[in-house]
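Asker: First the structure, which I've put down as structure tokens, then a few questions once you've had a look.
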Amino acid sequence: MSTLQISLAIIGGLVLAGVVAYNAWVTSKNAPRTASERPGLDGAGEPQSFESPLTGPVIEPDHDGISERIEPVMGHPFEPAPEPEPQVVVDGEARVPVVVPVTLNNVVSPPEKRPGLDALIDVITPLAVEGPVSGDALLAALPGTRRVGSKPFAVEGLNETSGEWESPRPGQRYHALQAGVQLANRAGALNDIEFSEFVVKAQAFADAVGAAPDFPDMRAEVARARELDAFASGHDAQLGFTLRARRSAWSPGYVAQNAARLGFVAGVLPGRMVLPASAAGQAPILSLAFDSQAAMAEDPEQSALREVALSLEVTHVPRSEQPFVRMRQAASALAEAMEGVITDDGGQLLSTDTMDGIGADLESLYDALDSHDLSAGSPQARRLFS
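Whatever position you read off the sequence shown (first residue = 1), add 503 for my numbering.
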């Protein structure tokens with residue numbers, strides 16, 4: 504073989520090796536980032552703590568001094584995770600995965616008690632009774648559906664023992680009753696047809712329990728509903744930021760890992776995480792959502808996400824929780840940790856000045872809600888803006 508042939512063979516081999524290496528680099532670069540081992544364990548294996556900008560001090564868990572990984576799983580949220588087995592050995596140490604569900608979820612606690620009827624946002628009809636009525640009899644007489652058109656319908660009794668209005672309960676006795684229907688919600692104001700349906704439904708219930716209803720004037724209540732709906736339409740606010748990947752895509756587990764470090768937990772739907780409120784029974788402060796199909800994939804770690812949505816139901820979260828401040832902190836922290844950018848729904852980058860302007864507008868909105876006794880996060884506001 505001549506020198507020329509040998510040289511050409513060597514050059515060809517180098518070119519082929521370069522192409523293979525380039526393709527491998529491109530594949531690695533485009534692969535979604537996965538949940539990785541957590542830094543921060545010292546030589547003694549003590550769990551390290553860090554300050555979450557959203558929830559305060561957080562302790563990173565430790566497993567016998569071994570760094571841990573977060574993996575997405577499919578399965579029932581209340582089943583214990585299987586015992587982890589060593590997956591990789593690095594520097595003589597086994598790296599053990601910690602299983603965190605990101606699809607079927609750790610359910611956020613529901614409200615402790617359903618908000619009662621309120622004259623501010625409900626039509627309330629007294630139902631006069633001659634004597635105490637058992638809760639069992641009231642439950643048996645309730646209509647099959649608790650809605651009037653698109654509005655919630657409810658019946659309450661004045662508990663003989665506690666002296667409080669409540670939904671009928673078995674084994675209790677009530678010496679006064681009332682029926683109500685909500686004046687407005689996001690579906691619109693109570694109209695004439697819905698009011699008439701309310702009258703029919705309340706009258707049927709009253710006849711079944713031997714009560715006498717005293718209905719308010721329909722025209723006055725429908726006018727009140729329209730006024731309330733007009734106010735609500737001008738003061739409803741739902742904010743959303745979109746985090747978009749600048750370089751590599753993200754896997755669901757990678758997103759869940761970074762969000763969990765800020766205090767987010769799995770929500771009630773696949774691909775949704777929430778930042779819980781500080782008080783039980785309150786609505787979540789923030790929601791983080793990504794593609795549910797990616798969350799439910801057979802191998803979520805191979806699913807590629809290029810964006811996630813961070814949202815805030817302004818009227819559902821108390822002002823005292825500083826939800827917008829925490830939303831900005833969460834967005835900034837996630838963008839920095841995952842190499843992303845913060846945009847609006849249209850893909851426009853959100854500047855600091857823009858966010859400051861949104862914050863100022865929200866303060867005015869909070870003031871308006873407070874002035875109408877519909878403070879953000881109150882039971883009345885959560886019912887009206889639903």
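Built from N, CA and C at the ideal position, the CB exists for glycine as well. These numbers were taken from a predicted model, which means no experiment stands behind them.
1) Determine the DSSP secondary structure at Ser-901, reduced to helix, strand or coil.
2) State the Cα-Cα distance for the pair Arg-775 and Val-632, rounded to the nearest angstrom.
3) So, using beta-carbon positions, are Gly-674 and Ala-657 closer together than 7 Å?
4) Using the DSSP secondary-structure output, state which residues sit across from Ala-748 in a beta bridge.
5) So what does DSSP say about Pro-600, is it helix, strand or coil?
6) What does DSSP give as the partner residues of Arg-775 in its beta bridges?
7) Give every residue of the same chain whose Cβ lies closer than 6 Å to the Cβ of Glu-810, excluding the five residues on either side of it in the sequence, and list them in chain order.
8) What's the call for Ile-845, buried or exposed, on a 16-neighbour Cβ count within 10 Å?
9) With a cut-off of 8 Å, do at least 3 Cβ pairs link the segment 765-780 to the segment 725-741?
10) What's the gap between the Cα of Pro-604 and the Cα of Ala-769?
11) Counting only the same chain and skipping the five closest in sequence on each side, list residues whose C-beta sits under 7 Å from that of Glu-824.
12) With DSSP as the reference, please indicate the residues paired to Asn-694 in a beta bridge.
13) Can you tell which of Glu-866, Ser-835 and Leu-865 has its C-alpha closest to the C-alpha of Thr-855?
14) Per DSSP, what kind of secondary structure is Leu-731 in: helix, strand or coil?
15) Spatial neighbours of Val-725 within its chain, please: CB distance less than 7 Å, with the 5 preceding and 5 following residues excluded, ordered by chain position.
16) Buried or exposed for Ser-510, please, with buried defined as at least 16 other CB atoms from any protein chain shown within 10 angstroms of its CB.
17) Below 7 Å CB to CB, which residues in the same chain sit around Gln-706 once its five sequence neighbours on both sides are set aside?
18) Out of Asp-870, Val-828, Gln-796 and Leu-791, state which residue places its alpha-carbon closest to the alpha-carbon of Ala-807.
19) Would you tell me roughly how many angstroms separate the C-alpha atoms of Pro-646 and Ser-881, rounded to the nearest one?
20) Take the Cβ of Val-522 as the centre, count every other Cβ of all protein chains shown within 10 Å, and call the residue buried at 16 or more, exposed below.
21) If you drop the 5 nearest sequence neighbours on each side, which residues of the same chain put their C-beta closer than 7 Å to that of Phe-734?
22) Please confirm whether Ser-823 has its beta-carbon closer than 7 Å to some beta-carbon of chain B.
23) In angstroms, rounded to a whole number, what distance separates the CA positions of Asp-739 and Leu-868?
24) Could you tell me which residues DSSP puts in a beta bridge with Gln-706?
25) Taking 7 Å as the cut-off, decide whether the C-beta atoms of Leu-630 and Pro-671 are in contact.
26) In the DSSP assignment, find the unbroken alpha helix (DSSP H) run with Glu-866 in it and report its ends.
27) Mind checking which residues open and close the alpha helix (DSSP H) that includes Gly-890?
28) Of the choices Trp-668, His-819, Glu-801 and Gln-832, whose alpha-carbon is the least far from that of Pro-755?
29) With distances taken Cα to Cα, identify the nearest neighbour of Gly-691 among Gly-713, Ala-643, Asn-761 and Ser-653.
30) Return the first residue and the last residue of the alpha helix (DSSP H) that Pro-882 is part of.
31) Leu-895 and Leu-791 look like a contact to me (Cβ under 8 Å); what is the Cβ gap, rounded to whole Å?
32) Report all residues from its chain with a CB closer than 6 Å to the CB of Thr-628; omit the five preceding and five following residues, and keep chain order.
33) Around the Cβ of Asp-859, are there at least 16 other Cβ atoms within 10 angstroms (buried) or fewer (exposed)?
34) What's the call for Ile-624, buried or exposed, on a 16-neighbour Cβ count within 10 Å?
35) State the beta-bridge partners of Pro-629 as determined by DSSP.
36) Quick one: is Thr-857 buried, meaning 16 or more other Cβ sit within 10 Å of its Cβ, or exposed?
Answerer: In short:
1) A question about residue 901 goes unanswered here, because the residues of the chain that appear run from 504 up to 889.
2) Indexing the sequence shown from 1 puts residue 775 at position 272. Indexing the sequence shown from 1 puts residue 632 at position 129. C-alpha separation (whole angstroms): 47 Å.
3) Counted from its first residue, the sequence shown places residue 674 at position 171. Counted from its first residue, the sequence shown places residue 657 at position 154. Not in contact: Gly-674 and Ala-657 (Cβ atoms no closer than 7 Å).
4) For the purposes of this step, residue 748 is identified with residue 245 of the sequence shown, where counting begins at 1. Answer is Gly-843, bridged to Ala-748.
5) Counting from 1 along the sequence shown, the entry for residue 600 is found at position 97. The predicted position of Pro-600 is uncertain, since its pLDDT is 41 and thus under 50; a value taken from the coordinates is nonetheless stated next. In this structure, Pro-600 counts as strand in the three-state DSSP scheme.
6) Walking along the sequence shown from the start, residue 775 turns up at place 272. Bridge partners of Arg-775: Ala-792.
7) Translated into the one-based positions of the sequence shown, residue 810 becomes position 307. Here the set comprises Thr-745 and Arg-747.
8) Along the sequence shown, read from residue 1 onward, the residue named residue 845 stands at position 342. Buried, since its Cβ has 16 or more Cβ neighbours within 10 Å.
9) no
10) Sequence index remark: in the sequence shown, residue 604 carries index 101 (1-based). Sequence index remark: in the sequence shown, residue 769 carries index 266 (1-based). Confidence at Pro-604 is low in this model, with a pLDDT of 45, below 50, so its placement is unreliable and no value can be given for it.
11) The count along the sequence shown starts at 1 and reaches residue 824 at position 321. Excluding positions up to five away in sequence, the list reads Ala-780, Ser-781 and Ile-788.
12) Here the question's residue 694 lines up with position 191 in the sequence shown. BP columns for Asn-694 are empty, so no partner.
13) Along the sequence shown, one-based indexing puts residue 855 at 352. Looking at the Cα atoms, Ser-835 is the closest of the given residues.
14) As a first step, residue 731 must be located in the sequence shown, where it is residue number 228. Of the three classes helix, strand and coil, the one that applies to Leu-731 here is helix, per DSSP.
15) Walking along the sequence shown from the start, residue 725 turns up at place 222. Once the five neighbours on either side are set aside, the close Cβ partners of Val-725 are Leu-693, Asn-694, Asp-695 and Phe-698.
16) By one-based count along the sequence shown, residue 510 stands at place 7. Exposed, because fewer than 16 other Cβ atoms sit within 10 Å of the Cβ of Ser-510.
17) Sequence index remark: in the sequence shown, residue 706 carries index 203 (1-based). So the list reads Pro-716, once near-sequence residues are dropped.
18) Here residue 807 is taken as the residue at index 304 of the sequence shown, counted from 1. When only C-alpha atoms are compared, the closest one is Gln-796.
19) Translated into the one-based positions of the sequence shown, residue 646 becomes position 143. Translated into the one-based positions of the sequence shown, residue 881 becomes position 378. One C-alpha to the other measures close to 28 Å.
20) Translated into the one-based positions of the sequence shown, residue 522 becomes position 19. Exposed, by the Cβ-count rule.
21) Start at 1 with the first residue of the sequence shown, and residue 734 comes out as number 231. Excluding residues within five positions, the ones whose Cβ falls inside 7 Å are His-875.
22) This model lacks chain B altogether; it includes just one protein chain.
23) Within the sequence shown, numbered from 1, the residue matching residue 739 stands at position 236. Within the sequence shown, numbered from 1, the residue matching residue 868 stands at position 365. Whole-angstrom Cα-Cα distance: 9 Å.
24) The count along the sequence shown starts at 1 and reaches residue 706 at position 203. Answer by DSSP bridge pairing: none, since Gln-706 is not bridged.
25) In the sequence shown, counting from the first residue as 1, residue 630 sits at position 127. In the sequence shown, counting from the first residue as 1, residue 671 sits at position 168. In this structure, Pro-671 does not lie closer than 7 Å to Leu-630 by Cβ.
26) Within the sequence shown, numbered from 1, the residue matching residue 866 stands at position 363. That run of the alpha helix (DSSP H) goes 855-874.
27) Outside the modelled stretch of the chain, which goes from 504 to 889, sits residue 890, for which no answer is possible.
28) The residue you call residue 755 lines up with position 252 of the sequence shown. It is Glu-801.
29) Within the sequence shown, residue 691 is the residue found at index 188, counting from 1. Closest by alpha carbon: Ser-653.
30) Here residue 882 refers to the residue found at position 379 of the sequence shown. Unbroken alpha helix (DSSP H) run through Pro-882: 882-887.
31) The structure shown does not extend to residue 895, since the chain is modelled only from 504 to 889, so the question has no answer here.
32) Mapped onto the sequence shown, residue 628 falls at position 125. So the qualifying residues of the chain are Ala-682, Ala-705, Pro-716 and Phe-718.
33) Against the sequence shown, residue 859 aligns to sequence position 356. Exposed, since its Cβ has fewer than 16 Cβ neighbours within 10 Å.
34) One-based indexing of the sequence shown puts residue 624 at position 121. By the neighbour-count rule (16 or more Cβ atoms within 10 Å), Ile-624 is buried.
35) The residue given as residue 629 occupies position 126 in the sequence shown. For Pro-629, which the question treats as bridged, DSSP gives the partners Gln-681.
36) Position 354 of the sequence shown, counted from the first residue, corresponds to residue 857. Flag for Thr-857 reads exposed.
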